[in-house]
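Structure, as structure tokens:
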Amino acid sequence: MRLSKNFTMEELCRSATAERHGIRNWPATGDEEHKVRENLRYLCFDVLQPLREHVGKPIVVNSGYRSKKVNRLVGGVKNSQHLTGEAADLRIESTKQGREWAEWIMENCDFDQMLLESNGKSVWLHVSAKRDKSLNRRVFKKMKV
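Next comes the structure, spelled out in structure tokens:
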């Protein structure tokens with residue numbers, strides 16, 4: 001299911017951790033699935049798609065929506081925005097690229113928070129957005145992991 005020109009629901013729910021553990025990383029049917037899908041659509045429409053058009057090349061989403069089980073397995077916080085489809089972790093080549101993307105998002109998009117994160121092996125840019133724009137905090141932090 002297409003969420004925007006260049007992003008799909010399947011892509012935003014894909015999880016290597018879920019695949020390794022044989023878990024279906026997809027929101028429950030009904031209201032939860034609708035809410036997650038609409039949150040992901042908003043995230044794509046307001047942040048990911050504009051960023052994709054700005055950089056002019058594909059953006060790889062390492063982690064979008066996470067089920068509670070997958071979130072626990074990856075060490076996510078209990079109130080992670082990934083659980084509601086409000087967040088995505090973007091693969092970046094370097095801290096410099098992460099800062100450049102974050103600056104562009106800050107100047108051009110409505111977002112809740114961005115975290116430039118690392119696990120010592122790789123770096124990624126966590127970006128989130130809430131559909132109720134009045135709740136977006138517009139916070140950017142460089143995290144040390």
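For the sequence shown, position 116 matches number 116 in the working numbering, and the numbering has no gaps at all. The beta-carbon is built from N, C-alpha and C at its ideal position, and this holds for glycine as well.
Notebook entry, point to check: Going by DSSP, which residues form a beta bridge with K142?
Noted result: In the sequence shown, counting from the first residue as 1, residue 142 sits at position 142. L116.
Item checked: Y42 beta carbon less than 9 Å from that of R138 -> As a first step, residue 138 must be located in the sequence shown, where it is residue number 138. As a first step, residue 42 must be located in the sequence shown, where it is residue number 42. The answer is no: Cβ separation not under 9 Å.
Next item on the list: Please check the pair H126 and D89, which I expect to be a contact at CB under 8 Å, by giving their CB distance rounded to whole angstroms.
Entry: Within the sequence shown, the letter at position 126 stands for residue 126. Within the sequence shown, the letter at position 89 stands for residue 89. Here H126 really is in contact with D89; their C-beta atoms are around 5 Å apart, less than 8 Å.
Checklist line | Closest residue to A87 among E100, R99, N62 (Cα-Cα distance) | finding: As a first step, residue 87 is located in the sequence shown; it is residue number 87 there, counting from the start. Taking only the C-alpha atoms, the option nearest A87 is N62.
Note to self: Assess contact between the region 63-72 and the region 22-33, defined as three or more Cβ pairs (one per stretch) separated by less than 8 Å. Is contact present?
What the structure shows: Result yes; three or more Cβ-Cβ pairs closer than 8 Å.
Next item on the list: Tell me whether T95 sits in a helix, a strand or coil according to DSSP, three-state version.
Entry: The residue given as residue 95 occupies position 95 in the sequence shown. It is helical.
Notebook entry, point to check: Who does M90 pair with in a DSSP beta bridge?
Noted result: Sequence index remark: in the sequence shown, residue 90 carries index 90 (1-based). In the sequence on display, residue 90 carries Leu and not Met. Paired residues: V61, L125.
Notebook entry, point to check: Taking buried to mean at least 16 other C-beta atoms within 10 Å of its own C-beta, is M1 buried or exposed?
Noted result: Within the sequence shown, residue 1 is the residue found at index 1, counting from 1. M1 comes out exposed.
Notebook entry, point to check: Along the chain, where does the alpha helix (DSSP H) that runs through H21 open and close?
Noted result: Here residue 21 corresponds to residue number 21 of the sequence shown, with the count starting at 1. Taken as a continuous stretch (DSSP letters only), H21 belongs to no alpha helix (DSSP H), as it is neither H nor E.
Note to self: With H, G and I counted as helix, E and B as strand and the rest as coil, what does DSSP make of T8?
What the structure shows: Indexing the sequence shown from 1 puts residue 8 at position 8. In the three-state DSSP reduction, T8 falls in the strand class (E or B).
Item checked: R66 (DSSP reduced to helix, strand or coil) -> Taking the sequence shown and counting its residues from 1, the one referred to as residue 66 is at position 66. Collapsing the DSSP output to three states places R66 in coil.
Check: Hey, would you say I105 sits closer than 9 Å to V47, going by beta carbons?
Finding: Translated into the one-based positions of the sequence shown, residue 105 becomes position 105. Translated into the one-based positions of the sequence shown, residue 47 becomes position 47. For I105 and V47, yes; Cβs fall inside 9 Å.
Check: What is the rounded straight-line gap between the Cα of P58 and the Cα of R66?
Finding: If you number the sequence shown from 1, residue 58 lands on position 58. If you number the sequence shown from 1, residue 66 lands on position 66. Each residue's Cα considered, the two are about 22 Å apart.
Check: DSSP puts R2 in a beta bridge; with which residues?
Finding: Walking along the sequence shown from the start, residue 2 turns up at place 2. Paired residues: T8.
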